[in-house]
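Worksheet: one structure, shown below.
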Amino acid sequence: MKTIITELFGIDYPIIQGGMAWVAEYHLAAAVSEAGGLGIIGAGGAPASFVREQIQKTKELTNKPFGVNVMLMNPEADEIAKVIVEEGVQVVTTGAGNPGKYLASWKEAGIKVAPVVASVALAKMMERAGVDAVIAEGTESGGHIGAATTMTLVPQVVDAVNIPVIAAGGIADGRGFAAAMMLGAEAVQMGTRFVVAKESIVHENYKKKILAAKDIDSEVTGTTHGHPVRQIRNNMTREYLKLEKAGAPFEELEHLTLGALRKAVVDGDTVNGTLMAGQIAGMIREEMTCAEMIQEIMTQAEKLLKI
Ligand code: TUI
0 MKTIITELFG IDYPIIQGGM AWVAEYHLAA AVSEAGGLGI IGAGGAPASF VREQIQKTKE
60 LTNKPFGVNV MLMNPEADEI AKVIVEEGVQ VVTTGAGNPG KYLASWKEAG IKVAPVVASV
120 ALAKMMERAG VDAVIAEGTE SGGHIGAATT MTLVPQVVDA VNIPVIAAGG IADGRGFAAA
180 MMLGAEAVQM GTRFVVAKES IVHENYKKKI LAAKDIDSEV TGTTHGHPVR QIRNNMTREY
240 LKLEKAGAPF EELEHLTLGA LRKAVVDGDT VNGTLMAGQI AGMIREEMTC AEMIQEIMTQ
300 AEKLLKI
């Protein structure tokens with residue numbers, strides 16, 4: 000299936016993998032790219048040296064294009080931005096901030112840049128700054144989120160900019176894919192569904208939580224401090240929300256979440272770990288390979304879109 004995004008990124012299908020911290024490492028990124036989508040290495044809070052290793056390992060597994068997601072709150076974001084240029088990465092996505100100060104060097108290196116935006120205002124600012132596409136991510140997403148829903152954000156961003164828009168948040172099958180196209184998107188980004196891919200190294204306990212989740216099993220923590228994070232309800236979210244309601248200071252809440260994503264992904268701690276996942280987790284029932292997922296989504300979507 001050809002869209003402006005498949006041509007821009009040099010991929011077979013307009014499906015981009017979310018740049019999930021700890022989750023989006025080289026096995027997953029390579030598998031998504033090999034399956035014809037765009038695999039992404041999530042730099043998350045990792046050091047630049049780790050990101051370089053991940054890029055090199057991905058290159059050993061695939062000759063197809065892949066990208067790196069820079070989580071802009073990472074203290075080593077400046078170094079990571081340089082590593083991306085040095086390693087000749089084809090595509091960069093960004094999250095949790097404004098990537099403005101890196102754009103000149105990335106564009107000079109010929110890298111395609113697609114920041115995640117959660118508002119029309121940031122989408123317009125990014126277009127003016129010269130990015131190639133924007134990822135409009137709705138509040139249905141897992142992890143750090145904005146306030147607008149995918150259904151409302153995507154068409155408003157599509158109307159506001161002249162660059163291609165990638166829809167994200169609450170998309171996990173061919174119906175969601177087709178709906179995103181109807182809203183004017185040129186591709187979709189999926190996170191939660193790829194967490195349970197067979198090639199994903201995420202701990203089995205975390206995967207089981209996503210596979211067992213129901214529609215209303217996620218909570219948003221951190222709203223009062225301006226860092227809303229969607230994750231599956233567990234002991235950790237109950238504690239966090241209780242403290243947050245009682246007016247606990249940011250530092251105390253931060254302490255609770257320190258290293259908690261690693262606990263969930265690596266150790267399989269589903270009690271005190273942060274089980275980031277989107278609202279669509281309730282629909283995800285089966286562990287499949289990335290190729291099986293992408294083929295299933297495209298077959299379903301092509302039928303719906305009558306291509
Ligand atoms: O970035 C994400 N999702 C994430 S990042 C992340 S790492 C983390 N780990 C533990 C605790 C908290 C975070 C987990 N999930 N999605 C992309 C995204 N970007 N969503 C919202 C935004 C965003 C928000 C504000 C992008 C730009 C922005 O603008 C701020 C500005 O500076 O203008």
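With numbering that gives the first Met the number 0 applied, the sequence shown has no gaps in its numbers, which climb one by one up to 306 at the end.
Quick reminder that beta carbons are idealized off the backbone N, C-alpha and C, glycines included.
In this text, all values refer to a predicted model and were calculated from it rather than measured experimentally.
beta-carbon residue i near the ligand NAP non-hydrogen atom, thresh 7 Å
i: VAL115; result: This structure does not include the ligand NAP; its bound ligands are the ligand TUI.
Sequence-distant residues of the same chain with beta carbon closer than 8 Å to residue i, five excluded per side
i: ALA156; result: Before going further, note that residue 156 is Val rather than Ala in the sequence given. These residues qualify, in order along the chain: VAL116, VAL119, ALA122, VAL133, ALA135 and VAL164.
i: LYS262; result: ASP268, ASN271, GLY272 and THR273
Paired residues, beta bridge with residue i - DSSP
i: PRO46; result: Note: PRO46 sits in no beta bridge, so no partner.
i: GLN188; result: ILE15 and ALA167
i: GLY38; result: PHE65
i: ILE134; result: VAL115 and ILE165
i: VAL219; result: ARG229
Contacting residues, own chain, Cβ-Cβ under 7 Å from residue i (five flanking each side not counted)
i: ALA159; result: VAL119, ALA122 and LYS123
i: GLU218; result: GLN230, ARG232, THR236 and LEU240
i: GLY145; result: ALA117, SER118, GLU136 and THR138
i: ALA300; result: GLY173, PHE176 and ALA177
i: GLN53; result: GLU24, TYR25 and ILE40
Simplified DSSP assignment, three categories, for residue i
i: HIS143; result: strand
i: LYS302; result: helix
i: ALA122; result: helix
i: ASN286; result: Note on residue identity: the sequence assigns Glu, not Asn, to residue 286. In the structure shown, GLU286 sits in coil (DSSP, three-state: anything other than H, G, I, E or B).
i: LYS111; result: strand
i: VAL153; result: helix
i: GLN89; result: coil
i: MET0; result: coil
i: ILE231; result: strand
i: THR273; result: coil
i: MET292; result: helix
i: VAL264; result: helix
i: SER199; result: coil
i: VAL160; result: coil
Cutoff 6 Å; reference residue i; Cβ partners in own chain excluding five residues on either side
i: GLY41; result: GLY18, MET19, ALA20, ALA23 and ASN68
i: THR148; result: GLY137 and THR138
i: GLU75; result: PRO46 and ALA47
Decide yes or no for the touch test of the stretch 189–200 against the stretch 283–299: beta carbon pairs closer than 8 Å, at least 3 of them. The stretch 189–200 vs the stretch 283–299: in contact.
Within the chosen definition, does the stretch 54–66 reach the stretch 223–239 through at least 3 CB pairs nearer than 8 Å? With fewer than three CB-CB distances shorter than 8 Å, the stretch 54–66 does not count as touching the stretch 223–239.
Would you say the stretch 92–110 touches the stretch 68–81, given that touching needs at least three Cβ pairs under 8 Å? Yes: the two stretches touch, three or more of their Cβ pairs being nearer than 8 Å.
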